[in-house]
Every structure is written in C-alpha cells, then in structure tokens.
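S.K.: Chains as they are written, first to last, in our numbering: chain Z, 11 to 302; chain D, 3 to 276; chain E, 83 to 706. Can you keep this structure in mind? I'll have questions shortly.
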Amino acid sequence: MSELDLRELHNTEFPVPADMQNNVAITSLSRIYNWSRRSSIWPMLFGLACCAIEMIATAASRYDTARFGMEVMRASPRQSDLMIVSGTVTKKMVVPIVRLYNQMPEPKYVLAMGACASGGGPFKEGYNVVSGIDQYVPVDVYVPGCPPTPQALIYGLIALQRKIDGQSLANMDDVPWYGVGPSDPVPIPILGPDIIDPRQMELIRQQAERAAGAAGKGTRDLPAAVMDIGKPRTVPTVESVTAEVKQEAGVPAVEAPKAEPAAEVDPEKAARIAKREAALARKRAAQEKGEN
Amino acid sequence: MYGTGILKGLSVTIKHFIDTYVEDIKYLGRRVLKTGESFQERQGVASRGLYTVQYPEEKIAVPERFRFVPFLVVEDPDHPERPGDDWCTSCGICSKVCPPQCIWIVRGEDPVTKRPIPQPEAFFIDIDICMNCGFCAEFCPFDAIKMDHDYELASYDRTGNHIYDKAKLSKPFSYWYGIAPTTATEEAADRGGWEHSDVIKDMKKKGQPATPVSIPYPEVRAEWATAAASGAPAAAAVVEAAPAEDESEKAARLERRLEALARKRARDARLGIQ
Amino acid sequence: MVDQAILPAALDSGDVQTAINHLKEMYPGKVQDDTRQGYSGVIIDRSVLVEAATAIRDKLGFNYLSSVTGVDYLGFGDHLEVVYHAYRITGGPALVFKAQTPRDNAEVPSLIEVYPGADLQEREAYDLMGIRFHGHPNLKRILLWEGFNGHPLRKDWKEAYYEQEHKPFDSRWPAGYARRAEELTVFGKNVQYPADLDLSRLSDTTESQLYSGMGLGVDVQDEVTSEGIKTDRLVVNLGPHHPSTHGVFRMVVELNGETVENLEPVMGYLHRNHEQIGERNAWNHNMPFTDRLDYISGMSNNLGYALAVEQLLAHGARYTPPTYRAEVIRVLMVELTRIVNHMWAIGFLLNDLGAFFTPALYAISERERILDFFEATAGSRMMPNYMRFQGVARDIPERIRSTANQLNDRVRDFNTMDYLTELINERIPGAIDELDRYLSDNEIIKARTIGVGYLPKDMAIAYSAAGPVLRASGVPYDVRRAEPYSIYPELDFDVAVRYNGDIYDRYLIRLDEMRESVRILKQVLPRLEATKGESVFAGNKAIYMPRVPLGEAYGRVENPKGELGFYVISQGDPKGPQNPWRYHVRAPSFINLTALGQMSKGHKVADIVAILGSIDIVLGETDR
C-alpha cells in the first residue's frame, strides 16, 4: 500500500453484522486517537513568573490536574505535549522559550496562561517585555486573568481538550502534524540592540535605511489610521506594514489624527436616545397625572 | 538508630493517607448525596484530609470580594424608567487610577448640542493588560464599575476577544447584587438608596425619597418589574404610596419579607449553611 | 560642628548625626550634608568614597550595606547619584551617603572591596543607569543582555511603547481610543532599533560573553590530581528553565570533576522593568505592581511600599498615621504571609533535595487555607493589593462567604474570626509541628544538608545577606526589632537565630520563624477583637491621586525572604503630575544571591540546587 487514505478510517458508518451488534463498537480513528491524546497531555515543567505559582497550586492536591491525565510534568521538552507559558515573557526569556518549543515533538500545544503571556499584561509597556508569546510561537488557548485562579486554568485546560477533540486526522490542513514530513521550526530570535525576530529582518533593514535617510526618526513612524473608534482591528502583519512603509517611504512622519467622533449617529446610540425620551415622556405624563 | 527519622517521617505520610479516609467515612452519607453539605467542611479550616475540588463537576464558589476582570453596572433591562441605562458617568477616574492603563473611555456627547453628557460613548478594557487590581471599582464614585466573578474566560483567539467593549462589559445591577449582596447593600446604604447616586440627587431635588436600603433589593426589583408590567412608573407609585402607606400595606410588605426570609432559610438549610 | 573629641570606641554606637559629624571631621570639605528638601544623609566626594566607606564600616560601625542604587537627576542638577544605605548590624537607623557623578562618562569607585554585598547591586546600577563602577571586577550587564541599546532607567531613555512621561495617559479619557500598543510600532512588537543598526554586522554575543573567562574552549586545562587521576574542567549550564531554579534563574558553573570551582549567577530572564514602570506610575499605581515582586508574599510587599510612601507623606501637613486597627490587620496579614512563604520555601527546598512533591503538597495544602482568607478579605489569592497609604483597603469581612454564580458552584460560609482562630490556634501550629516531625530528623535530609552551603557570620554581613539566610548564620538581625515599624514594638516575640549557617539551619530557622509568627498572630487575635468596628483607614479614602511631599524615603520591612526596602524620591512640581522620580526596590532575593557563589564553592554540583533552594529566591523579585 503506497498511500494510505486516512479519510477511509474516519468513517463510523461501517455496517456491523446483526449477530455482532453487541460485541463490537465502532468509533472513528480520529475520535479514539484524540481521546487518548487529550487524556494524557503532559505539560512541560517550567514556570516563568507569578502564574507559575498558580500552575503549581493547580497541580497540587486541591485542584489536581491528574484528573485530566496532566500530572506528569516533564522537565524535558522532548517528553512534553503542552507548554504552559505561565507568566511574563521577557525578551531575554523568549529565546529559550522558542528553542524549547522547537524541541517539543509534535503534536504540541501552547497555552498562554495569564494576561502577561497572552498580551504582555500589566508589564506590557516595559522595555524588556514581549507583548504576548503569540508573537513568536502559535498559541492554542489563552487564559486571561492576573493571575488566573487554579479553576480558571483548569477551564483553559478543558478548553484545550475540547480543541483536541475537534481535530481530525482527515483534515490535514487543520492540523499540520497529521501531514507528511516535519514542520518548520520557529526561527529563534536574536538578542541585538533589541530583540530581533528573524522573520522581520527585511522590515528592520528597510526601517534602518529609512532612519539613516530621514534624520533618524523613521523607527517610530506610525501606520496611519490607527485611531478611529470602535472598528475591529487586527495587529498589522509584516506584509501590511511593509506595504505601508513602502508606500510612505521618504514621507516625513505624520502625527496620527486624533479620533473624530463618528459623523453619523450609530443605531445603538439612537435607540438609547429614543428610550430615554420615551422614559422622559412617561415620567412627565406621570407627573401631570399627579398634579391633576 | 539510623533510619528512625525516616520512619518517623513516613508515619506522617501514612497519617495523611489515613486521615483522608477517616474523614471520608465521616462524610460518607453526605458525600454520596453530592450536596454542598460536606463540601463546606472538607474545604474548610478544620478538615485534616486532602480533598480535591472536582472541577468542573463541583467548583469552589468565589468569595464576594473576589476580583477578576471588571464590568460595568447598568440598570436592569426591566427597570420601568431607565432600562439598561449606564451607571457610568464617564468621569474618567477609573481610567486614570488604572495602574496598567487598560481602560479607554470616550465621553458621551449630546448629538444636537455637542455638549458632553454624563454617559460613556464607548468603553474599552483590554483584559490582556488588566491586572485585576480592583482600583477602578474601589475608586469609582458612582459604583458603576465592579470586579466580575466570572473566571471562565479562556478563548482560542485573543485578537478579537480580549478587548472588551461596552456591550460586552455591561451587566445589570441585579447581576452585581447577585454576586456580591453584602457589598452591594453596603454601597447602596452609602449612596442613600438603591438608585444611582445621580438619580437619588435628582429625586431629592424633586422631593422624592430614594428606595431605602432597608428593603432588600430582590423585593425592590420585583416591585419595579410589576410596575413596569403595569405600565406605571414605579418610583412615582412608591412616592404616591409612601405618604399614604396604611397599615394593611405595611403588613403586606412585612409578610413579603418574612416569606423571602423563609425562602432564603430553606435554601440555606438545603445548602448546609448556618 | 563637633567640639568634643570622640573616642573611637564610642563610634560604632551612638546616633547617626554624631557619626556624620565625625565623618565630616575626617574628610573636611569632601563630605557635605544633603540639604535638599526632604533629604537626609551626606554627599561624599567620589574621590574619597572608598576611604570614607571604609571608615564608615570600620570606625563608625555601619557594617551592613543594605542598598545601593543610582538616581538620574536630569533637570535637577543634571547629575547621576549613587545612594548607599548602611546600617549597624546591631540595629538602629541608616547612615545614608551619596556620591555624585556627571551624566556623561559617569563613573564612581566601586565599593565591592569594602562591602562585597554591593557586587550585584552595582552591576544593576551599571546596567540600568549606565554608571561605571571603577574597580568592579565583573562589571557586566546583569538584568539585560550585553549589546542592549542604552540604559533604560536614564530619564532621557524612551521605551518602544513610550506614550507619555507620566500616567495617567491622556489618550485614555475623554477622547480615548482602544488600540493595542503593537499597532503603534512599525514592527508590531515591543521593539526599537538604533538608527545606525547594521544587520550585516549583527551577531548574538550574549552567550559567548557569558562563557568567556569561564574556562571554555582552548582554555580548558587538564589537571592531574595527586592520585594521578586526570580531571577536566567542565562548564555546566543550569537554567533558565531548569525545574529546580525556582523560576527562570540561571547558573553557569565551572566544575572540576563534580566539584564546583566557580559559579556565575545569570539573571534577568524575568526582568519586567518594575522600576521603570514604577517611575511612570502615579504613587497609588505602584501598589498592585508590588504584589508581583515577591509573588508568594504580596501582602508584605504592599506593606513595605506603604511604609516608604507614608514616610514621605509624613512630611506633609495633612498626614494622619494609620489607625490602630489598620496596623493590627497589617501585622495579621504580613505574619500569615510569612507562614505561607516559609511553608512554600520548605516544601520546595525538599523538592530540590529530591523528596519530590510530597512535602510541597502538604505545604501547599496548608497555604490554600490561608489563601482562602486572603481571597475573602483582599479579593485575590496571590495579588492582594490590600495595603493603602494610611491604612488598608477594607476591613476584614464579617464572614468568609461565597456566593454561587457559576454552574456547579459549591458555597462555603464561615465566620471570619472563628476561621482565623481555628487557623492560628490549631491548624497552622499543627502543620508546623507536622513538618518538623516529618522532616527534621530525616537522616537523608541531614546528610544532604548539614555542613553544606556554609556561610560564616562575618561573610553573611559582608555580603548583605538578609532574612533567614543572615539569621541562620548567627546574626540576630531582624528589621522588626532593629528598626521597628507598625505595632511590632508592643508584640512579644523573639528573633529566631541559628548558628551553623548551613542548609539545615536555614531550614530549621524557617520552622522557628513560623512558630514566632504564630506567637505574634496569637497576640494579634485579641487585638483584632478589641478593635472591631473601628476604622481601618485614616484620612480621606476617596483621594485617588495622593500628593506626596518632596523628598526621599527608604522604607523597609522584614519580608519572609529578608529585608525588602523601597527607596522612593518625590521630586518635581507639587502641582504637576504626581509620580515617583525614583522608585527602587531593594530586593532580598536578589541581594542574597550575591553570596551564592561563595556558598557553592567546593560542593558537588547536586548540592548547588539545594543551596539555591535554601536561599529561597523568587524571580519576580530577583529580576524585578
């Protein structure tokens, strides 16, 4: 057999003969595979900051992750399935973290525990803090909180189990490690004058050239139109920013405009105003009634 | 003798092992019943065994003062006069006192006169920055921002989900009363009534009394709900009734309160609280 | 001026002013009083700093250097200043001395020869402030990495997500706009690069810098011992994600066989810019950040910061000291925290010794009961944010009560005082005795710990060790007694002290200290009952941006891990933005590590882990 079509194995509609009805259970390969995998997730034994203490408390007797098959915390990345990024990720620490992530065998999962690991947290503004581990390695579950309580963490772990349950051996685009061949490692950041993500080299080079040309101000120019209110926003990708930088090249830095109030009244607000007016009218009516 | 120290230590581990079972036997009947009865004792200070909270089948309820991400208090949706109105006046103190500066407020503006109105136009909290310190709730002069108890917030994607906007943040006052009845009552007592402090001020100007804290909030709410259903503004009804409140109504109110108390006692007894 | 001759014998006692006068006599013209408003101590000309410091240590008796830090006075004299706080190990207030240097080419002589405890602190000041300490043998960056662009605590250095000089930021209200900080930088990340960045010449030198001079590569020498066995020098790296380093601490050890010859602590893997953020923050803002310093004992950190700022506030007219009940509650919280911390420390020390997790499990289980009380009172298990200037946030609740609001919630309801009484009188003492019975006589523990990691008394003082590490070496120094604060003077307790200075004594002293804490707590309980109903806050609680009078203050508390100090400076326009000009944390975990190399030398590599565990560090505080 040259190529095994895994889709065949996914079929649960297989007809069971009548006399074997009570003796044979049919499940899909994905389901049993996911079930066994999600019931034995081994987290990596490493803690970063405050959240690590709550992570240890979660593993201890009161909350006990052993109930989920997660009590075997492995100190070696080679033996672990899950990296719980428990705490503030600093620029100095992100280098070992990426290295550890690359050393984990697939399938591997990352859980960002707490505000810091998710998006920088209260320390986000600091010069040595990475604003979210997801800028370097892909994250599967985010658990907000500062720090999340053990119960919140377990909720996140259950969310991860649910995610694993939803993965399918049949859909290889969904889960890279069911595909053929190893996936690419995440490039390890470099500690230069500031941390350098090798994926951004081209952008950094362009910015440096720009800075050298335009009186050393280039590194802090803002992409325009970041300020208007209420619209869903995405973090600029390397491509989008690069495109913008190319477009703006040579143009001196512009101050991003202050938010203008939306010209058209938004429907929510209009509804609120209507509601207020109705209530006001009712009130007046009641007052009149009272006076008469 | 060499080894006695180790044996002594092992006796402690054995004791721990046995302790749990001894207590298990003590709670046996109640444990099987799966009620909260034995939970209070097992997770209390006197229990000697090691007990696991079987999350998610059973969860330790968080105490009243527990802090997780903040939320905004709004009037109940069935409030007869101000359904869903913000308690927030967009004074900006929470955003100023926030240590990691995770709160963004756009002050409301009257669409006609362009003058600021005491209502936030937009309100954002980035929960990836929030440090759950509770300063916003502590220093809010209008009791309009409170710390939520919902910790089950894990998500698969943060870019869209983790900046909470006003719609996601707004929760009715009855929710706040539900998660922290003692604190909510204390705060209402400080304000001088169950209403928002600005509303109380307005009512005072008009000579109306605020709804007193001596009446528990669920009853106040029930009154409001009936008033809303009958179409008559509740506050006015209360005002009208207040001066002319005769003995029968007083008696009826007392009866209602006693009933509520009995209900509460029954529930408490069920949950094993004294 | 001093008229009468001071006998040298009398010098190492007596008040600080006498000592200052003598110092001025010894170095006429080189030592000046610090006359700035709200400041104290002397400014010593840097040309005579080393001699003066030697005199301060030997002649005046201030032999314990608590804190060394730098301050950038940009716009207020445009100089950098190094501030030293020296104490007598017998107790009493500090002699504060300072040395000034211009901002360009800042250089001050190193005091490492006089006070070896200045080692890591001077490296930190070099790293973050750019002050060169002439004569320091190992002046490398410590929290950041070699090659980092600039010195971030200089007032003219701006971080990538720089928004405004002070909080609150204008963009938050009234025309706020929600956006992630990432969106404002071109790279979408918290990074910035110098204008002259040349990527082609870029190389990551951090690792090679670290290993250079540690006997790697061609420097490896073969040694032939007397028995004729050849052993190679070997450099072994532990950390930063090694499970026994209590976080992200890293050690690079040079081994001869199995024996440690040299140990270099590498830190900064959790350097989250506490001090720089603290200087952007307003005064109140820093309180919850202090929770995250030593995140096992948040309550104590709160108290230290509150005491430091209260010292400054006391200069002002409208200051009222905390009420008695507030002080009682503070002590209650702090002592419970000490028990939490020591339980944790012992549990994880045993973990490091190989008793994997059972002692830690027992310790954590006790800790949970105390955290239940913290959660009900302050609102959070670990990050209490409970102390305020002039009081505490809220009174302890009548009942420790939960409300059910999630599916499957199980409700608990206890009377707080009953809970505390049971906890303090029964549960905690029982747990301490149990730990004692469980571990103290264990032969394996004794074999692993007795005589290992020895730190002699004089060396403990010289290395500015603090807390259990210092007291286990036979120095009965406890800030609660040496410079009392809160209601400690009226409480009856002993300063625990042990004399052997090894791991075993550091373990035992933690048991002793927990017992003393229980003793204190037993005295706190009746006080708590007696003051029931009294206010827990003095003054107007609604003030969310307190105005802090000009000046400097150094507030310190006896934290479970040692002396935690906060050096704060209020400077600038009293009507303008209110934030600390300088906010420095004297972190006991950080400074206790100075002696780690000394303690580890000559031991086997497996012992280092235990030695580190016995110091009891927490990385949030070490790296800040």
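No residue lacks a Cβ here, since even glycine has one placed at the ideal position from N, Cα and C.
Could you give the first and the last residue of the continuous alpha helix (DSSP H) run that contains Tyr387/E?
M.R.: Stepping through the third sequence from its first residue, residue 387/E is reached at position 305. Note, Tyr387/E: alpha helix (DSSP H), 380-395.
S.K.: Specify, as a first and last residue, the run of the beta strand (DSSP E) that Asn338/E falls within.
M.R.: If you number the third sequence from 1, residue 338/E lands on position 256. Looking at the DSSP string, the run of the beta strand (DSSP E) that includes Asn338/E is 332-338.
S.K.: What residue ranges within the region 436-479 of chain E form continuous beta strand (DSSP E) runs of no fewer than 3 residues, ordered along the chain?
M.R.: List check, beta strand (DSSP E) in window: nothing returned.
S.K.: By the three-class DSSP mapping on this structure, what secondary structure does Arg262/E have?
M.R.: Start at 1 with the first residue of the third sequence, and residue 262/E comes out as number 180. Reduced to three states, the DSSP call for Arg262/E is coil.
S.K.: Please return the same chain residues whose Cβ sits closer than 7 Å to the Cβ of Asn44/Z, not counting the five positions on each side in sequence.
M.R.: Your numbering for residue 44/Z matches position 34 in the first sequence. Hits under 7 Å: Ile174, Asp175, Gln177.
S.K.: So Gly199/E and Ser555/E are supposed to be a Cβ contact under 8 Å. How far apart are they, rounded?
M.R.: The residue labelled residue 199/E in the question sits at position 117 within the third sequence. The residue labelled residue 555/E in the question sits at position 473 within the third sequence. Not a contact, Cβ separation roughly 13 Å.
S.K.: Out of Met681/E, Thr503/E, Glu206/E, point me to the one whose CA is closest to Val47/D's CA.
M.R.: Residue 47/D sits at position 45 when you count from the first residue of the second sequence. Considering only alpha carbons, the answer is Thr503/E.
S.K.: If I follow the unbroken alpha helix (DSSP H) through Leu131/E, where does it start and stop?
M.R.: The count along the third sequence starts at 1 and reaches residue 131/E at position 49. Segment 131-140, the alpha helix (DSSP H) holding Leu131/E.
S.K.: Following the continuous beta strand (DSSP E) through Ala364/E, name the residue where it begins and the one where it ends.
M.R.: Here residue 364/E refers to the residue found at position 282 when the third sequence is read from its first residue. Taken as a continuous stretch (DSSP letters only), Ala364/E belongs to no beta strand (DSSP E), as it is neither H nor E.
S.K.: Listing by chain order, which chain Z residues have their CB less than 8 Å from the CB of Ile62/D?
M.R.: Numbered from 1 along the second sequence, position 60 holds the residue referred to as residue 62/D. In chain order: Gln161.
S.K.: Note down, in chain order, all residues in the region 454-467 of chain E with a beta-carbon under 8 Å from any beta-carbon belonging to chain Z.
M.R.: Residues Arg463, Met464, Met465.
S.K.: Which of the residues in the region 139-154 of chain Z, read from start to end, lie with their CB under 9 Å from any CB of chain D?
M.R.: Those would be Ser141, Gly142, Asp144, Val149, Asp150, Val151, Tyr152, Val153, Pro154, in chain order.
S.K.: Are the Cβ atoms of Gln358/E and Ala635/E separated by less than 8 Å?
M.R.: For this step, residue 358/E is matched to residue 276 along the third sequence. For this step, residue 635/E is matched to residue 553 along the third sequence. Their beta carbons are not under 8 Å apart, which means Gln358/E does not touch Ala635/E by this criterion.
S.K.: Tell me which residues share the same chain as Gln257/Z and place their Cβ nearer than 8 Å to its Cβ, disregarding the 5 neighbours each side in the sequence.
M.R.: Taking the first sequence and counting its residues from 1, the one referred to as residue 257/Z is at position 247. Confidence at Gln257/Z is low in this model, with a pLDDT of 49, below 50, so the placement of that residue is unreliable and no value is reported for it.
S.K.: Go through its chain and collect everything with a Cβ distance to Pro143/D's Cβ below 8 Å, but skip five positions before and after it.
M.R.: Here residue 143/D corresponds to residue number 141 of the second sequence, with the count starting at 1. Only Cys93, Ile95, Ser199 meet the Cβ criterion.
S.K.: Near Gly152/E, what residues of its chain come up, given a Cβ to Cβ distance below 8 Å and the 5 sequence neighbours on each side ignored?
M.R.: Taking the third sequence and counting its residues from 1, the one referred to as residue 152/E is at position 70. Leu162, Glu163, Val164, Val165, Ala207, Leu210, Met211, Ile213, Leu235, listed in sequence order.
S.K.: Would you check if the distance between the CB atom of Trp196/D and the CB atom of Asp80/D is smaller than 8 Å?
M.R.: The count along the second sequence starts at 1 and reaches residue 196/D at position 194. The count along the second sequence starts at 1 and reaches residue 80/D at position 78. It is not a contact, given that the beta carbons lie outside the stated cut-off.
S.K.: Chain Z beta carbons: is any one of them nearer than 8 Å to that of Ala264/D?
M.R.: Within the second sequence, residue 264/D is the residue found at index 262, counting from 1. Taking Cβ atoms only, chain Z never reaches closer than 8 Å to Ala264/D, which makes this a no.
S.K.: For Ala28/Z, would you say it is in contact with chain E, using Cβ-to-Cβ distances shorter than 8 Å as the test?
M.R.: The sequence position of residue 28/Z within the first sequence is 18, counting from 1. No - not a single Cβ of chain E is within 8 Å of the one on Ala28/Z.
S.K.: Could you tell me which of Glu448/E, Ile506/E, Tyr501/E, Leu431/E sits nearest to Leu521/E, measuring between CA atoms?
M.R.: In the third sequence, the residue the question calls residue 521/E occupies position 439. Of the listed residues, the one whose Cα sits closest to Leu521/E is Leu431/E.
S.K.: Checking the sheet assignment: what are the DSSP bridge partners for Glu640/E?
M.R.: Within the third sequence, residue 640/E is the residue found at index 558, counting from 1. The partner list for Glu640/E (beta bridge, DSSP) reads Glu645/E.
S.K.: Please tell me whether Asp204/D has its Cβ less than 8 Å away from any Cβ of chain Z.
M.R.: On the second sequence, position 202 is the one that residue 204/D refers to. Cβ-Cβ to chain Z under 8 Å: no for Asp204/D.
S.K.: Which residues of the region 514-526 of chain E have a Cβ closer than 9 Å to any Cβ of chain D? Give them in chain order.
M.R.: Here the close residues are Glu516, Leu517, Arg519, Tyr520, Leu521, Ser522, Asp523, Asn524, Glu525, Ile526.
S.K.: Is the CB of Gly217/E under 8 Å away from at least one CB in chain Z?
M.R.: Within the third sequence, numbered from 1, the residue matching residue 217/E stands at position 135. No, Gly217/E does not count as interfacial toward chain Z.
S.K.: State the Cα-Cα distance for the pair Arg209/Z and Gln216/Z, rounded to the nearest angstrom.
M.R.: As a position in the first sequence, residue 209/Z is number 199, starting the count at 1. As a position in the first sequence, residue 216/Z is number 206, starting the count at 1. Those two C-alpha atoms are separated by around 13 Å.
S.K.: Chain E partners of Asn163/D, CB-CB under 7 Å?
M.R.: Locating residue 163/D in the second sequence gives position 161, where the first residue counts as 1. Neighbours of Asn163/D on chain E: none; closest Cβ ~13 Å, over 7 Å.
S.K.: I'd like to know whether the C-beta of Trp365/E is nearer than 8 Å to at least one C-beta of chain D.
M.R.: As a first step, residue 365/E must be located in the third sequence, where it is residue number 283. Closer than 8 Å: no.
S.K.: Measuring alpha carbon to alpha carbon, tell me which residue in Gln113/Z, Val149/Z, Asn112/Z is nearest Gly129/Z.
M.R.: Here residue 129/Z corresponds to residue number 119 of the first sequence, with the count starting at 1. Closest by alpha carbon: Val149/Z.
S.K.: I want to see whether chain D comes within less than 8 Å of Val493/E, judged by CB atoms only; does it?
M.R.: The residue you call residue 493/E lines up with position 411 of the third sequence. For Val493/E, the answer is yes, since a Cβ of chain D falls inside 8 Å of its Cβ.
S.K.: Report all residues from its chain with a CB closer than 7 Å to the CB of Glu81/Z; omit the five preceding and five following residues, and keep chain order.
M.R.: Sequence index remark: in the first sequence, residue 81/Z carries index 71 (1-based). Cβ neighbours of Glu81/Z beyond the five flanking positions: Ala69, Thr75.
S.K.: When the Cα atoms are used, what is the spatial distance from Ser71/Z to Leu453/E?
M.R.: Locating residue 71/Z in the first sequence gives position 61, counting from the first residue. Locating residue 453/E in the third sequence gives position 371, counting from the first residue. Going from the Cα of Ser71/Z to the Cα of Leu453/E covers about 15 Å.
S.K.: Name the residue from Leu701/E, Tyr351/E, Met541/E, Leu337/E whose alpha carbon lies nearest to the alpha carbon of Pro105/Z.
M.R.: For this step, residue 105/Z is matched to residue 95 along the first sequence. Note that residue 105/Z corresponds to Val in the displayed sequence, not to Pro. The shortest C-alpha separation from Val105/Z is found at Tyr351/E.
S.K.: Taking only beta carbons into account, state which residues of the region 474-489 of chain E come closer than 9 Å to chain D, listed in chain order.
M.R.: Flagged, chain order: Ala475, Arg476, Pro479, Glu480, Arg481, Ile482, Arg483, Ser484, Thr485, Ala486, Asn487, Gln488, Leu489.
S.K.: Taking only runs of the beta strand (DSSP E) that begin and end inside the region 179-214 of chain E, which ones reach a length of at least 3 residues, in chain order?
M.R.: The region 179-214 of chain E contains these whole beta strand (DSSP E) runs: 189-191.
S.K.: If you draw a straight line from the alpha carbon of Ser216/D to that of Leu171/D, how long is it in whole angstroms?
M.R.: Along the second sequence, one-based indexing puts residue 216/D at 214. Along the second sequence, one-based indexing puts residue 171/D at 169. The straight-line gap from Cα to Cα measures roughly 29 Å.
S.K.: Would Ile532/E be called buried (16 or more neighbouring beta carbons within 10 Å of its own) or exposed?
M.R.: Here residue 532/E refers to the residue found at position 450 of the third sequence. Exposed, by the Cβ-count rule.
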